[in-house]
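Asks: Sharing a structure below in structure tokens format, with a few things to ask.
Numbering (the UniProt record's numbering), first residue to last: 1 to 325.
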């Protein structure tokens with residue numbers, strides 16, 4: 001019995017001790033780097049959640065309630081949507097928004113494309129000065145622009161535009177009270193402010209087009225108009241899609257120009273959808289119908305943006321004839 005105990009003791013003495021397992025790190029270096037990166041960008045997401053995401057979600061919630069901003073909320077279901085759809089002023093604001101958007105953005109994009117082509121040409125000198133002069137309205141305060149144009153399109157006969165058209169024997173126009181005069185003045189503000197922005201985008205796209213294409217077109221006898229139509233525009237397709245997309249969204253959100261141009265006098269010649277919901281919310285304290293209007297505008301922007309993307313993506317596409325699919 002003693003021999004067996006001695007043998008077991010010897011065996012226990014000769015067995016090596018088990019190595020200690022290394023301590024596992026809770027976080028790897030890669031995970032720490034990712035965490036620090038997310039920590040640095042977290043202020044943006046926090047501010048977006050507070051001032052962006054929460055108002056959007058609260059607007060969807062508020063669209064189904066009657067609320068004056070102070071008292072208790074009252075659930076009304078789809079009543080707010082029925083109110084705005086039965087309001088002629090809402091449809092007039094939607095009509096004005098579309099008309100002003102077309103008058104202000106369609107000529108603007110064409111003019112921006114032509115200006116970019118001219119500044120990209122070797123015939124134009126002092127290009128930097130021209131780029132700065134055309135781009136300057138974009139960095140100007142939109143309120144200052146609206147105030148200046150309110151003076152230019154003054155209702156008085158001594159106003160700048162009225163004085164100019166008076167040279168041709170035309171009668172003075174009451175711009176802020178005329179149906180089409182108001183739309184023309186607001187569209188002119190939009191055109192003047194955004195044409196430089198779109199021009200810079202088109203110019204950046206044109207400078208990425210190889211000069212060999214233009215030289216080949218010149219050798220083939222292409223005119224300037226043909227170079228723009230068959231070389232420049234097809235190569236600028238991604239830039240055109242982007243500008244059309246942003247211009248559509250901007251046109252549907254026009255607010256400052258008509259608000260400052262017509263003031264709070266209750267004029268409706270230039271009322272837009274955003275101005276309509278602004279009056280509902282902050283003038284009449286009908287936050288429920290204002291939120292419902294915002295939701296309707298949200299879906300209108302989605303539909304029109306998808307439509308523009310669809311038609312813009314079809315630029316330059318052609319069906320193959322005689323090829324089996």
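The beta-carbon is built from N, C-alpha and C at its ideal position, and this holds for glycine as well.
This one's a predicted model, so the numbers in the text were calculated from it and none came from an experiment.
Buried or exposed for residue 151, please, with buried defined as at least 16 other CB atoms from any protein chain shown within 10 angstroms of its CB.
Replies: Residue 151 should be labelled exposed.
Asks: From 270, 226, 164, pick the residue whose C-alpha is nearest to that of residue 182; which is it?
Replies: It is 270 whose Cα lies nearest to the Cα of residue 182.
Asks: Count the CB pairs spanning the segment 91-106 and the segment 150-164 that are closer than 8 Å, and state whether there are at least three.
Replies: The answer is no - the segment 150-164 does not touch the segment 91-106, with fewer than three Cβ pairs under 8 Å.
Asks: Work out the CA separation of residue 221 and residue 117 for me, nearest whole Å.
Replies: The alpha-carbon atoms of residue 117 and residue 221 are separated by roughly 19 Å.
Asks: Would you mind reading off the limits of the alpha helix (DSSP H) that contains residue 174?
Replies: Premise fails: residue 174 is in no alpha helix (DSSP H) and is neither H nor E.
Asks: Residues in its own chain within less than 8 Å of residue 239 by CB, not counting five upstream and five downstream?
Replies: Result list for residue 239: 201, 202, 204, 205, in chain order.
Asks: Using 10 angstroms around the beta-carbon of residue 257, count the other beta-carbons present and answer buried if the total reaches 16, otherwise exposed.
Replies: The residue in question, residue 257, is buried, as its Cβ has 16 or more Cβ neighbours within 10 Å.
Asks: Residue 66 by DSSP, collapsed to three states: which one?
Replies: Strand, per DSSP.
Asks: Can you list, in chain order, the residues of its chain whose CB lies under 7 Å from that of residue 308, leaving out five sequence neighbours each side?
Replies: Hits under 7 Å: 244, 245, 248.
Asks: Would you check if there are 3 or more beta carbon pairs closer than 8 Å linking the segment 286-298 to the segment 44-64?
Replies: Yes, the segment 286-298 touches the segment 44-64.
Asks: If we ignore side chains and look at the alpha-carbon of each, how far apart do residue 156 and residue 133 end up?
Replies: Approximately 29 Å, taken between the alpha carbons.
Asks: Give me the Cα-Cα distance between residue 283 and residue 291, rounded to the nearest whole angstrom.
Replies: Near 14 Å, if we compare the C-alpha coordinates of residue 291 and residue 283.
Asks: Verify whether the separation of the beta carbon atoms of residue 231 and residue 213 is less than 9 Å.
Replies: Their beta carbons are under 9 Å apart, which means residue 231 touches residue 213 by this criterion.
Asks: Among 188, 225, 235, 219, which one has its Cα closest to the Cα of residue 207?
Replies: Taking only the C-alpha atoms, the option nearest residue 207 is 235.
Asks: Taking the runs of the alpha helix (DSSP H) that are 4 residues or longer, which of them lie wholly in the segment 57-122?
Replies: Whole alpha helix (DSSP H) segments, 4+ residues: 79-85, 88-119.
Asks: Could you check what DSSP says for residue 220 in three-state terms: helix, strand or coil?
Replies: Reduced to three states, the DSSP call for residue 220 is coil.
Asks: Checking 9 Å against the spacing of the C-beta atoms, do residue 37 and residue 112 come in under that value?
Replies: No, the Cβ-Cβ distance between residue 37 and residue 112 is not below 9 Å.
Asks: Starting from residue 168, trace the alpha helix (DSSP H) in both directions and tell me its first and last residue.
Replies: Neither: residue 168 is in no alpha helix (DSSP H) and is coded neither H nor E.
Asks: Quick check: residue 76 and residue 64, are their CB atoms within less than 9 Å of each other?
Replies: Cβ atoms of residue 76 and residue 64: closer than 9 Å.
Asks: Under the three-state reduction of DSSP, which class applies to residue 126: helix, strand or coil?
Replies: Residue 126 falls in the coil class under three-state DSSP.
Asks: Buried or exposed: where does residue 286 fall if 16 or more other Cβ atoms within 10 Å of its Cβ makes it buried?
Replies: Classification for residue 286: buried.
Asks: Could you check where the alpha helix (DSSP H) with residue 154 kicks off and where it finishes?
Replies: Residue 154 -> no alpha helix (DSSP H), and no H or E assigned at all.
Asks: Thinking C-alpha only, which one of 114, 173, 73, 304 is nearest residue 199?
Replies: Checked all of 114, 173, 73, 304; the closest Cα to residue 199 is 114.
Asks: Take residue 274 and list the residues in its own chain whose beta-carbon comes closer than 6 Å to its own, dropping the five residues that flank it on each side.
Replies: Closer than 6 Å at Cβ, skipping near neighbours: 253, 255.
Asks: Is the distance from the Cβ of residue 149 to the Cβ of residue 174 below 9 Å?
Replies: Cβ atoms of residue 149 and residue 174: not closer than 9 Å.
Asks: So, are the CB atoms of residue 177 and residue 267 less than 9 Å apart?
Replies: Yes, these two residues count as a Cβ contact at 9 Å.
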